[in-house]
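Here the structure comes first, spelled out in structure tokens, and everything after it is commentary.
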Amino acid sequence: MMDLKPAEWVRHAVCHPVEGFEDMRWKKSGSVRTAFLIVFLLFVAQVANGRLYGFQFGVTYDKTFNIIPYIVQSIILFAAWVVGNWSVCTLLDGEGTMKNICIYSAYALVPYIVQVFVNLILSHILVRDEAVFIQAISIIGTGWTAILLFSAIKSVHQYSFGKTVFAIILTIVAMFIMLFLLVLFMSLVQQVYIFISTIYTEISYRIRV
């Protein structure tokens, strides 16, 4: 069996989408630290993609910068994917633990992250008429990540092809439900904060008067 370092396991999983995650499963390899680093790079990639993209291919609004959407697009979505998949696959007799789902899913994001940074550089070099190259790289990177995610879920839970598709669909549904509940919770917290702030302001005014 292979005895690879954490970074080498990432390369092996990305370059061998069919057997890479199976090898990781049998070897019980994968690093949580590396997975967290990849998710952090995903966050950085989303920020860079939104703020540093070439002016010919994107528009940034410096005065309206808000970090929250980038956190939602990266860390929150990834966390929802991991929790949602673990919840769904627990009911479907999946063998994967939350730790392994997190590691395998993070490793699968590498092609997407790479294509974001590559396109970011190209957006400052190419002209608008050459946008087809950026689109091609984006499609390849995103498609590669989709294939790796499918392979990761199939391997970590030891599912058949059909059951993997079903599990992924249910995971996406679970993600929407969790994000909807999160929005409701944040809205409730905001309303409570406004209510308490209003009462405090009114009491402070009465005391001064």
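Be aware that the sequence shown starts at 2, since it is given in the numbering used here, and climbs by one per residue.
Even glycine gets a Cβ: it sits at the ideal position worked out from N, Cα and C.
Just so we're clear, the structure is a prediction, and the values are computed from it rather than from any experiment.
Restricting attention to Val15, Trp10, Ile195, Ile122, the CA atom closest to the CA of Ile148 is found in Val15. The C-beta separation of Ala132 from Ile154 comes to about 33 Å, leaving the pair out of contact by the 8 Å criterion. Restricted to the segment 72 to 96, the alpha helix (DSSP H) segments that are unbroken, complete and at least 4 residues in length are 78 to 92, listed in chain order. For Lys6, the three-state secondary structure derived from DSSP is coil. Taking C-alpha positions only, Phe196 is separated from Ile138 by approximately 49 Å. Assignment of Val19 by DSSP, reduced to helix, strand and coil, places it in the coil class. The beta carbons of Val73 and Val11 sit no closer together than 8 Å.
The straight-line gap separating the alpha-carbon atoms of Met25 and Ile135 is approximately 32 Å. Following the DSSP letters along the chain, one finds Gln47 inside the alpha helix (DSSP H) bounded by residues 33 to 52.
The residue among Tyr71, Phe22, Arg129 with its C-alpha nearest the C-alpha of Ala109 is Phe22.
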